[in-house]
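K.L.:
Quick one: the structure is below, and I'll ask about it shortly.
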Amino acid sequence: MTEKKFHKAKEEKEVLEEPKETEIAAEKEEYEILKKELEILKRELEAKKTEAADYLDTLQRLKAEFENYKKRILREQTQFLELASQDLIIKLLSVLDNFELAIYAAEETKDYEKMGKGIEMVYGEFRDVLRKEGLKVVEAEGKEFDPEVHEAVMQ
Numbered sequence: 001m002t003e004k005k006f007h008k009a010k011e012e013k014e015v016l017e018e019p020k021e022t023e024i025a026a027e028k029e030e031y032e033i034l035k036k037e038l039e040i041l042k043r044e045l046e047a048k049k050t051e052a053a054d055y056l057d058t059l060q061r062l063k064a065e066f067e068n069y070k071k072r073i074l075r076e077q078t079q080f081l082e083l084a085s086q087d088l089i090i091k092l093l094s095v096l097d098n099f100e101l102a103i104y105a106a107e108e109t110k111d112y113e114k115m116g117k118g119i120e121m122v123y124g125e126f127r128d129v130l131r132k133e134g135l136k137v138v139e140a141e142g143k144e145f146d147p148e149v150h151e152a153v154m155q
């Protein structure tokens, strides 16, 4: 009987040892698969980091370009307004010169009828300059207040 028990114990040991060797082999295989997957994931991560860095660089460049664009537009608008104002001032200088001539003539001649006609002429010239610049007379007396057209004035 002891011999039977010995053989039985030996068989059980062999049965127990076999799965261990297959388990170790399976674990080694799984380890190698996981190792390969880890390497793939590391490469993908590096690729995504590079892609993110490229996007960040592009975004920073676009931001700088947009800031430069805003500055250029502001500068151009300022220049445009200065030029527009300059044209209006040049046109109004002519009116101012004529007013000065009218005042000088009035002081010299004391002819109020001619002075009135001269002032009317200068006033007409002044209105023409403003009309050419887009200013329009708005009839407001007796009409309902329209904030799109009229401007409120304290009385």
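Letter 131 of the sequence shown, counting from 1, is numbered 131 in the working numbering, and no numbers are missing. Using N, Cα and C, we set each Cβ at its ideal position, and we do this for glycine too.
1. Do V129 and F99 have their C-beta atoms closer together than 7 Å?
2. Buried or exposed for A102, going by 16 or more other Cβ atoms inside 10 Å?
3. Please name the residue in D97, M115 and E133 whose C-alpha comes closest to that of A105.
4. Quick check on K91: does DSSP put it in helix, strand or coil?
5. How many angstroms separate the CA atom of V137 from the CA atom of L81?
6. Write down the C-beta distance between V95 and E125 rounded to the nearest angstrom, noting that I regard them as a contact closer than 8 Å.
7. In terms of residues, what are the limits of the alpha helix (DSSP H) holding F145?
8. Quick check on DSSP: helix, strand or coil for K117?
9. Please classify E100: does DSSP put it in a helix, a strand, or coil?
10. Excluding five sequence neighbours on each side, which residues of the same chain lie with their C-beta closer than 6 Å to the C-beta of I119?
P.N.:
Reading from the atomic positions:
1. Stepping through the sequence shown from its first residue, residue 129 is reached at position 129. Stepping through the sequence shown from its first residue, residue 99 is reached at position 99. No, the pair does not count as a contact, with Cβ atoms beyond the cut-off.
2. In the sequence shown, counting from the first residue as 1, residue 102 sits at position 102. When all chains shown are included, A102 counts as buried.
3. As a position in the sequence shown, residue 105 is number 105, starting the count at 1. Checking every option, the nearest Cα to that of A105 belongs to M115.
4. The sequence position of residue 91 within the sequence shown is 91, counting from 1. Looking at K91 - three-state DSSP - the assignment turns out to be helix.
5. The sequence position of residue 137 within the sequence shown is 137, counting from 1. The sequence position of residue 81 within the sequence shown is 81, counting from 1. Going by the C-alpha atoms only, they are around 23 Å apart.
6. For the purposes of this step, residue 95 is taken as residue 95 along the sequence shown, with counting starting at 1. For the purposes of this step, residue 125 is taken as residue 125 along the sequence shown, with counting starting at 1. 5 Å between Cβ atoms; contact.
7. Here residue 145 refers to the residue found at position 145 of the sequence shown. First-last for F145: undefined, no H or E at that position.
8. Counted from its first residue, the sequence shown places residue 117 at position 117. K117 falls in the helix class under three-state DSSP.
9. Position 100 of the sequence shown, counted from the first residue, corresponds to residue 100. In this structure, E100 counts as helix in the three-state DSSP scheme.
10. Start at 1 with the first residue of the sequence shown, and residue 119 comes out as number 119. A102, listed in sequence order.
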